[in-house]
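Asks: Numbering follows my numbering, in which position 191 of the sequence shown is assigned residue number 915; successive positions increment by one, without gaps.
From the three backbone atoms N, C-alpha and C, an ideal C-beta is built for every residue, glycine too.
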Amino acid sequence: MPGLPSLAIIIPVYNAAQFIEETLNILAQVLQNNPEIEIILIDDGSSDDTLKLMQPYADIFHIIALEKNMGKGFAVKSGMLASKAQIRLFTDADLPYGLKSINRFYYEIDFRKYDIAVGTRNQYSCNYEESLTIIRKLSTRIFRFLSTHFLLTAVDDTQCGIKAFNGEIADILFDKISVSGFAFDVELLYLSYKLNLDVKRIPVVFYGNALTTISILKTTLNMIKDILLLPINYYVTHKYGSTHELEKLSDNLCRKKRALENFAAYEHYPIDKTGIDCHKSRHQETSVQHPA
725 MPGLPSLAII
735 IPVYNAAQFI
745 EETLNILAQV
755 LQNNPEIEII
765 LIDDGSSDDT
775 LKLMQPYADI
785 FHIIALEKNM
795 GKGFAVKSGM
805 LASKAQIRLF
815 TDADLPYGLK
825 SINRFYYEID
835 FRKYDIAVGT
845 RNQYSCNYEE
855 SLTIIRKLST
865 RIFRFLSTHF
875 LLTAVDDTQC
885 GIKAFNGEIA
895 DILFDKISVS
905 GFAFDVELLY
915 LSYKLNLDVK
925 RIPVVFYGNA
935 LTTISILKTT
945 LNMIKDILLL
955 PINYYVTHKY
965 GSTHELEKLS
975 DNLCRKKRAL
985 ENFAAYEHYP
995 IDKTGIDCHK
1005 SRHQETSVQH
1015 PA
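(1) Note the first and the last residue of the continuous beta strand (DSSP E) segment covering PHE889.
(2) DSSP puts THR844 in a beta bridge; with which residues?
(3) Who pairs with ASP768 in a beta bridge, going by DSSP?
(4) Would you kindly report the start and end of the unbroken alpha helix (DSSP H) that includes LEU748?
(5) What is the residue span of the alpha helix (DSSP H) that ILE901 lies within?
(6) Pair every Cβ in the stretch 903-922 with every Cβ in the stretch 792-802, then say whether three or more of these pairs are closer than 8 angstroms.
(7) Can you say whether TYR738 is buried or exposed, counting buried as having 16 or more other CB atoms within 10 angstroms of its CB?
(8) Beta-carbon within less than 6 angstroms of PRO827's beta-carbon, same chain only, minus the 5 sequence neighbours each way: which residues are those?
(9) With DSSP as the reference, label VAL737 as helix, strand or coil.
(10) By how many angstroms is the C-alpha of ALA740 removed from the C-alpha of GLY885?
(11) Closer than 6 angstroms by C-beta to ILE745: which residues in its own chain qualify, once you throw out the five before and the five after it? Chain order, please.
(12) So for ARG836, helix, strand or coil by DSSP?
(13) Would you call the stretch 967-978 and the stretch 914-933 in contact, with 3 or more CB pairs under 8 angstroms?
(14) Which residues in the same chain have their Cβ closer than 8 angstroms to the Cβ of GLU760, if we skip the five residues on either side of it in sequence?
(15) In terms of DSSP beta bridges, what is ALA732 paired with?
(16) Please classify TYR821 as buried or exposed, where buried requires at least 16 neighbouring CB atoms within 10 angstroms.
(17) How long is the line joining the alpha carbons of ILE734 and THR967, rounded to whole angstroms?
(18) Given that a residue counts as buried once 16 or more other Cβ atoms are within 10 Å of its Cβ, and exposed if not, what is TYR838?
(19) With DSSP collapsed to three states, give me the class of SER849.
(20) Is the beta carbon of ASN957 closer than 8 angstroms to that of LYS949?
(21) LEU954 by DSSP, collapsed to three states: which one?
(22) Applying the criterion that 16 or more other CB atoms from any shown protein chain within 10 Å of the CB defines a buried residue, is ARG925 buried or exposed?
(23) Mind checking which residues open and close the alpha helix (DSSP H) that includes LYS796?
(24) Distance check for MET947 and ASN758, CA to CA, integer angstroms please.
(25) If I follow the unbroken alpha helix (DSSP H) through ASN976, where does it start and stop?
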C-alpha cells in the first residue's frame, strides 16, 4: 500500500491536562525522527483543558475531538477507523508501556504476520498492581477471572492498554464491535478468536501507575454486564453477523505463514532505536484519568 503510513499510533485522551503536554512533546519528537508514522489523538469529551492543549499540534497530529465523553472503546474505534495505516496500535495517553516496546508489536505483525499483538502485564515483572487500591485490585481480579475463565481462556490480561492490529483486520473488527466502555478489549479479543485470528501475546513492563478517578464499582459492573452479553450477541442475536457469514469471513481472511522469530536481526523498526523513550518519573506521581 504505497503512500500509506506504515504505522498508526492511536491514543484516546480524557481529562489529561495535567500531563498531556509532556506526552505531546514526546510524540512530536517521535514523528520528527519517524515521519512515516501517523499519530492519532482522540479527545473523548474532556471537561478540562486537554483539547485546548492539543490544538497547537493539529498540524502534525490527526486530532479527533468528540463532543461528549463516549468511552474508551468508542474513542479507540474512532481512531482505528480513521486510519489507513498498514499496522495500527493503540496505547494510553501517559505512554505507560514506553515507546520502544512498539517495535516488538510492529515486528510481530509486519514480519511474523500475526493478525493481532496484545500486551500482557502478567508474564513480566511490572508494578501494575502495586499502586491499586484494595477495592480496585479486587474488582480487577473479579473481572479478569470472568473474562479469562469463561470467554478468553487463551488470554490472561485482556485489559492491558497496548494492542496492535494488521490494518485489514482492524477495519473488520472495529467496524463490528459496539462496546464503548472499558470492556471493548474483551469484545475485540472474543471476536478475534471466533474468527480464528492469530493473536500474539507480548510481555510488557508497566511504567505508569494505576491511579484513576473513575467510579470503580460502577465501571466494573458495566464491564461485567458488557462481557456477559457477548455470547448472547454472538450466538442468539447474531449481532456480528450470521454464523455462516462469520465462518465465510474467517475462511477468507489471509493466512500467511509466519517467519521464524528473529527480532534481533529485524531492521524495519517504526520507532528509532536510538530515539527518545518515555520511562519518566512523572509516572510515579500522576493520577491518570481514562475514558469511562
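Replies: On the basis of the data shown:
(1) 887-890
(2) PRO927
(3) LEU790
(4) 744-757
(5) Careful: ILE901 lies outside any alpha helix (DSSP H) and carries neither H nor E.
(6) yes
(7) buried
(8) Pro is not the amino acid found at residue 827; the sequence shown has Asn there. Result list for ASN827: TYR993 and ILE995, in chain order.
(9) VAL737 sits in a strand when the DSSP states are folded into three classes.
(10) 16 angstroms
(11) Sequence inspection shows Glu at residue 745; the Ile mentioned does not correspond to that position. Excluding residues within five positions, the ones whose Cβ falls inside 6 angstroms are LEU777.
(12) coil
(13) yes
(14) Taken in chain order, the residues that qualify are PRO729, SER730, LEU731 and PRO994.
(15) GLU762 and ARG812
(16) buried
(17) 31 angstroms
(18) With 16 or more other Cβ atoms within 10 Å, it is buried.
(19) In this prediction, SER849 has a pLDDT of 45, which is less than 50 and means its spatial position is unreliable; nothing more can be read from the coordinates.
(20) no
(21) In the three-state DSSP reduction, LEU954 falls in the helix class (H, G or I).
(22) buried
(23) 796-806
(24) So the two alpha carbons sit approximately 37 angstroms from each other.
(25) 967-976
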